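Start counting the sequence shown at 21; every next residue gets the next number (this note's numbering).
We put the CB at the ideal spot given by N, CA and C, even for glycine.
Since the structure is predicted, the reported quantities are computational estimates derived from the model, not experimental observations.
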Amino acid sequence: MKNPITHRALSLAIGTATLAMGMAANAQDAQIDRKVAELMKKMTVAEKVGQLHQLSGRQFTGPTSSAYADKLADIRAGKVGSMLNVKGVADTREIQALALQSRLKIPLLFSLDVIHGYQTVFPVPLGESASWDMEAIELSAHIAAKEAAAAGIHWTFAPMVDVARDPRWGRVMEGAGEDTYLGSRIAAARVHGFQGKQLGATDSVMATAKHFAAYGAAIAGRDYNAVDMSNQQLFETYLPPFKAAADAGAATFMNSFNTLNGVPATGNAFLQRDILKGAWKYKGFVVSDWGSVREMVPHGYAADLSDAAVKAINAGSDMDMEGYAYSQHLEAAVKTGKVKMATLDDAVRRILYKKFELGLFDDPYRYSDAAREKTVLGDVSHRAAALDVAQKSIVLLKNGNQLLPLSREARRIAVIGPLADSQRDLEGGWVVQGERAKVVSILEGMRSHAGKAEISYAQACAPGCTSNEGFADAVAKAAAADVVVLAIGETWDQSGEAKSRSDITLPGQQEALFNALKATGKPVVVVMLAGRPLVFNTIADQADAIVYAWFPGSEGGNAVANVLFGDYNPSAKLPITFPRSVGQIPLSYIQYNTGRPVTDEKNVVYKSAYIDSVNTPRYAFGHGLSYTEFKYSGMTLSSPLMNGAQKVTLSFDLANTGKVEGTEIVQLYLRDMVSSVVRPLKELKGFEKVRLKPGESRRISFTIDRDTLSFFNSQLTWGAEAGDFKLMVGSASDDIRLESTLKLN
Ligand code: NOJ
């Protein structure tokens with residue numbers, strides 16, 4: 021199989037990066053460059069600074085509220101370049117009209133956190149990532165863009181491409197999980213989805229690769245915390261998804277709240293000037309995170325707001341989101357020479373370029389069309405797509421005695437739990453325009469798919485589950501049923517920004533509820549909702565079946581019901597490791613052998629181990645079951661030796677040996693056995709989703725080239741070293757079915 025993103029494209033080596041959008045300007049680029057230059061000749065320093073000032077409209081009660089008269093006056097005076105949190109055709113038109121009263125009539129950019137849908141809510145990004153389905157992920161982003169772009173939005177603050185290996189960090193929900201390769205593929209798919217075929221088409225919005233960089237490695241999983249890591253780790257693990265987003269054409273980048281090795285990302289010239297705009301030749305612009313310019317003062321990196329403004333722009337941060345540092349201090353800093361005019365001009369040029377590219381100078385209202393807003397937001401095909409992605413995202417973690425799928429024959433199913441009839445919790449965080457009343461709850465989905473089966477319901481406790489008063493009723497319903505479906509997990513607001521948790525076990529009394537139901541002796545199917553991996557050892561041991569549904573979105577209840585009744589055969593695989601305890605965190609499948617590897621779990625004395633826990637996770641990266649079974653066999657290499665730029669093809673047979681049609685996500689891992697920098701025991705290097713009918717088999721191939729075998733050495737040079745490589749193919753990172761050795765000369 022040919023990977024859409026080659027390993028070469030993931031290469032970050034300074035000086036070797038190839039960035040299509042940074043290449044010699046074509047005719048259209050040159051034309052825009054000329055228009056930008058002409059406009060900039062007319063601009064005062066104050067007007068230039070205005071383009072770098074981004075203001076939030078969240079507090080505006082109605083766009084022309086008199087309480088914000090000063091801000092509205094700033095817009096009219098050309099002192100604002102962009103607004104966030106103003107949405108809808110009516111409001112964006114009204115605010116844009118104010119900008120058009122300014123001297124130079126430069127239109128505003130409207131931006132918003134359209135993270136997993138605008139009106140149609142798709143699964144949270146971590147959930148979607150469990151689908152490993154690039155087409156579905158791209159379509160989800162595209163529908164979100166289409167809806168947002170019909171409602172006046174030009175620009176979304178997505179995708180978040182931060183690799184995240186610490187589930188205490190609430191924002192694992194917003195990304196693609198722990199793996200660099202998978203994360204890079206998903207980053208590109210999301211950018212393509214949001215931006216569509218061409219920037220400026222009214223079914224697309226500008227994407228933002230965020231948060232540049234390494235925000236996902238906040239110490240101890242505490243949000244906004246410092247990050248400290250080697251450049252090796254930065255280049256190898258955290259930067260490639262950003263590079264993939266840039267290569268896919270991401271129009272903008274957002275920097276981050278964290279420090280990286282002592283320097284705030286917002287004031288970090290190494291990240292923004294040397295790597296992004298230097299080595300990668302990135303032509304888009306960088307927006308700060310909310311107030312992150314200002315936050316360099318409490319970090320202890322800038323003496324005051326004026327110093328923060330100087331440090332941020334000089335380091336390559338182009339637009340100041342709600343920081344008021346640029347708006348209040350940049351003009352003076354240019355006068356005193358602390359900021360060169362050329363630096364200011366470069367930032368302004370990048371932003372104006374995008375405004376021209378979007379066509380806003382030709383028609384400032386081209387995204388704010390009331391008729392289009394109505395039609396696009398009413399498009400029923402969007403719900404069908406949301407259902408498709410949600411089904412593809414649900415991971416079957418356990419299926420004891422093949423309890424699932426449930427039969428629809430005459431029997432009683434008790435649907436129980438604080439999240440069973442919740443609509444809000446199915447949406448997850450970052451919902452901007454969701455139609456809550458139309459969200460299909462799990463109970464509603466089960467009822468409408470039940471056929472002859474009879475559904476009873478007990479909530480048992482409210483979301484959060486702080487009281488056990490309703491347990492007796494739930495136990496009675498369970499006792500009267502043939503099977504129990506228990507919907508538990510996190511509420512929508514327990515994952516996300518500023519939602520770090522030091523204890524990631526099930527909140528409240530939900531485990532006690534499970535125990536009470538299990539004590540009835542009835543089989544219990546647990547449907548778990550969450551934005552992160554949770555720790556639930558008792559349930560993992562004792563539940564009869566477990567499906568992990570994340571926060572599945574508007575169609576969540578239908579998706580869960582389709583999986584439970586077998587109308588959809590689950591195919592998702594975990595994009596992030598599930599630990600057994602918080603003490604194992606950070607834990608990912610990227611592990612090193614160490615000098616003292618555990619070879620026998622029963623004897624770990626003086627081995628790299630815990631005396632109170634095994635090293636292995638509860639559920640490994642790549643794990644996910646199906647209602648059918650797949651057999652892997654007959655692995656061959658086109659050659660056991662690889663010379664120079666030669667490519668080697670790895671092939672094997674995959675057969676569906678079960679009774680129903682199903683989709684397997686086959687995974688290719690690799691280990692470089694001896695190298696100048698020690699390599700992990702396994703690294704994901706490829707995957708493919710294969711759909712097979714019962715009894716059908718297919719020969720699957722992966723192409724391995726030098727890039728597949730390459731890594732960053734201690735000089736941060738990307739390359740492959742001669743020697744042996746172990747190639748592994750399997751169904752999960754802990755379920756390797758076939759192995760072979762390749763020698764690189
Ligand atoms: C802060 C978050 O870190 C960022 O991801 C988001 O885009 C901005 N707020 C704007 O809402």
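* To do: Express the C-alpha separation of residue 439 and residue 327 in angstroms, rounding to a whole number.
  => Taking the first residue of the sequence shown as position 1, residue 327 is located at position 307. Taking the first residue of the sequence shown as position 1, residue 439 is located at position 419. Approximately 48 Å between the Cα atoms of the pair.
* Asked: Name the DSSP bridge partner or partners of residue 102?
  -> The residue given as residue 102 occupies position 82 in the sequence shown. 74 and 129.
* Do the region 181-192 and the region 425-438 meet, that is, are 3 or more Cβ pairs less than 8 Å apart? -> In this structure the region 181-192 does not touch the region 425-438; the number of beta carbon pairs closer than 8 Å is below three.
* Is DSSP giving residue 287 helix, strand or coil here? -> Against the sequence shown, residue 287 aligns to sequence position 267. It is helical.
* Asked: Cβ atoms of residue 539 and residue 495: under 9 Å apart, would you say?
  -> As a position in the sequence shown, residue 495 is number 475, starting the count at 1. As a position in the sequence shown, residue 539 is number 519, starting the count at 1. Result yes, Cβ atoms of residue 495 and residue 539 sit closer than 9 Å.
* Asked: Are the region 472-485 and the region 408-421 in contact at 8 Å, needing three or more beta carbon pairs?
  -> Output reads no: the region 408-421 does not touch the region 472-485.
* If you drop the 5 nearest sequence neighbours on each side, which residues of the same chain put their C-beta closer than 7 Å to that of residue 153? -> Residue 153 sits at position 133 when you count from the first residue of the sequence shown. Cβ contact annotation for residue 153 (same chain, cutoff 7 Å, sequence separation greater than five): 412 and 709, in chain order.
* beta-carbon residue 230 near the ligand NOJ non-hydrogen atom, thresh 8 Å -> The residue labelled residue 230 in the question sits at position 210 within the sequence shown. Shortest gap from the CB of residue 230 to any heavy atom of the ligand NOJ: under 8 Å.
* Asked: Any heavy atom of the ligand NOJ closer than 8 Å to the CB of residue 662?
  -> Locating residue 662 in the sequence shown gives position 642, counting from the first residue. Residue 662 Cβ: outside cutoff for every heavy atom of the ligand NOJ.
* Indicate whether residue 699 and residue 691 have their beta-carbon atoms separated by less than 9 Å. => Mapped onto the sequence shown, residue 699 falls at position 679. Mapped onto the sequence shown, residue 691 falls at position 671. Yes. Within cutoff.
* Are the Cβ atoms of residue 389 and residue 170 separated by less than 9 Å? -> In the sequence shown, counting from the first residue as 1, residue 389 sits at position 369. In the sequence shown, counting from the first residue as 1, residue 170 sits at position 150. A contact, by the Cβ cut-off of 9 Å.
* Asked: In chain order, what residues of the same chain have a beta carbon less than 8 Å from the beta carbon of residue 202, not counting five sequence neighbours either side?
  -> Counting from one through the sequence shown, the residue named residue 202 turns up at place 182. Around residue 202: 149, 152, 196, 595, 704 and 707.
* **Within the region 462-500, ranges of the alpha helix (DSSP H) (whole runs, at least 4 residues)** => Within the region 462-500, the runs of alpha helix (DSSP H) that reach at least 4 residues and sit entirely inside it are, in chain order, 462-469 and 491-499.
* Asked: For the beta strand (DSSP E) that residue 723 lies in, which residues bound it at each end?
  -> By 1-based counting over the sequence shown, the position of residue 723 is 703. For residue 723, the uninterrupted beta strand (DSSP E) run begins and ends at 717-724, by DSSP.
* Asked: With a CB to CB cut of under 7 Å and the five nearest residues on each side skipped, what residues in its chain are close to residue 139?
  -> In the sequence shown, the residue the question calls residue 139 occupies position 119. Here the set comprises 167, 397, 453, 454 and 455.
* **Boundaries of the alpha helix (DSSP H) in which residue 113 is found, first to last residue** => As a first step, residue 113 is located in the sequence shown; it is residue number 93 there, counting from the start. It spans 109-119 - the alpha helix (DSSP H) in which residue 113 sits, taken as one unbroken run.
* Asked: Rounded to a whole number of angstroms, what is the C-alpha to C-alpha distance between residue 114 and residue 372?
  -> Along the sequence shown, read from residue 1 onward, the residue named residue 114 stands at position 94. Along the sequence shown, read from residue 1 onward, the residue named residue 372 stands at position 352. Going by the C-alpha atoms only, they are around 21 Å apart.
* Asked: Taking the alpha carbon of residue 579 as the point to measure from, which residue in 406, 527, 92 and 683 has its own alpha carbon closest?
  -> As a working note, residue 579 is residue 559 in the sequence shown. Residue 406 is the option with its Cα nearest to residue 579.
* In or out: residue 661 buried (at least 16 other Cβ within 10 Å) or exposed? -> For this step, residue 661 is matched to residue 641 along the sequence shown. Flag for residue 661 reads exposed.
* Asked: Just the Cα atoms here: how many angstroms apart are residue 627 and residue 505?
  -> Sequence index remark: in the sequence shown, residue 627 carries index 607 (1-based). Sequence index remark: in the sequence shown, residue 505 carries index 485 (1-based). About 42 Å.
* From 106, 107 and 98, pick the residue whose C-alpha is nearest to that of residue 121; which is it? -> What you label residue 121 is simply residue 101 of the sequence shown in a count that begins at 1. The candidate whose alpha carbon is nearest that of residue 121 is 98.
* Report the residue ranges of all alpha helix (DSSP H) runs contained in full by the region 558-589; include only those spanning at least 4 residues, in chain order. => Complete alpha helix (DSSP H) runs here, min 4: 576-584.
* **Neighbourhood of residue 246 by C-beta, 7 Å cutoff - its chain only, sequence neighbours within 5 removed** => Residue numbering aside, residue 246 sits at position 226 when the sequence shown is read from its first letter. In chain order, 239, 278 and 279 place their CB closer than 7 Å to the CB of residue 246, counting only its own chain and leaving out the 5 sequence neighbours on each side.
* To do: Find the nearest neighbour of residue 358 within the set 382, 368, 374 and 332, judged by alpha-carbon distance.
  => Locating residue 358 in the sequence shown gives position 338, where the first residue counts as 1. Here the closest residue by C-alpha is 332.
* Where does residue 35 sit, in a helix, a strand or coil, going by DSSP? -> Locating residue 35 in the sequence shown gives position 15, counting from the first residue. Residue placement at residue 35 is poorly supported in this model, since its pLDDT is 40, which falls under 50; the coordinates are not used for a value here.
* Asked: Is residue 129 near the ligand NOJ, judged by its Cβ being under 8 Å from some heavy atom?
  -> Counting from 1 along the sequence shown, the entry for residue 129 is found at position 109. Proximity of the beta carbon of residue 129 to the ligand NOJ is not indicated: no heavy atom of the ligand is located closer than 8 Å.
* Would you mind reading off the limits of the beta strand (DSSP E) that contains residue 211? => In the sequence shown, the residue the question calls residue 211 occupies position 191. Counted as a single uninterrupted DSSP element, the stretch harbouring residue 211 is not any beta strand (DSSP E) but the alpha helix (DSSP H) occupying residues 200-215.
* Between residue 393 and the ligand NOJ, is the CB less than 8 Å from at least one heavy atom? -> Numbered from 1 along the sequence shown, position 373 holds the residue referred to as residue 393. Because no heavy atom of the ligand NOJ lies under 8 Å away, the Cβ of residue 393 does not count as near it: no.
* Starting from residue 361 and walking both ways along the alpha helix (DSSP H), at which residues does that stretch end? -> Your numbering for residue 361 matches position 341 in the sequence shown. Per DSSP, residue 361 belongs to the alpha helix (DSSP H) from 361-377.
* Counting Cβ pairs, one atom from each stretch, are 3 or more of them under 8 Å apart for the region 596-616 and the region 715-730? -> No: fewer than three Cβ pairs fall under 8 Å.
* DSSP beta-bridge partners of residue 709 -> Against the sequence shown, residue 709 aligns to sequence position 689. Residue 709 pairs with 685.
* Could you give the uninterrupted runs of the beta strand (DSSP E) lying entirely in the region 516-554, keeping only those of 3 residues or more? -> Within the region 516-554, the complete beta strand (DSSP E) segments at least 3 residues long are 544-549, listed from N- to C-terminus.
* To do: Identify every residue that forms a DSSP beta bridge with residue 432.
  => In the sequence shown, residue 432 corresponds to position 412, counting from 1. Under DSSP, the beta-bridge partners assigned to residue 432 are 474.
* According to the neighbour-count rule (16 or more other Cβ atoms, all chains shown, within 10 Å of its Cβ), is residue 37 buried or exposed? -> Taking the sequence shown and counting its residues from 1, one reaches residue 37 at position 17. Note on residue 37: pLDDT 38, under 50, position unreliable in the model; the coordinate value appears next. Result: buried.
* Asked: What are the boundary residues of the alpha helix (DSSP H) that includes residue 154?
  -> Along the sequence shown, read from residue 1 onward, the residue named residue 154 stands at position 134. Here the alpha helix (DSSP H) through residue 154 covers 154-170.
* Asked: Helix, strand or coil: how does DSSP classify residue 346 here?
  -> The count along the sequence shown starts at 1 and reaches residue 346 at position 326. Assignment of residue 346 by DSSP, reduced to helix, strand and coil, places it in the helix class.
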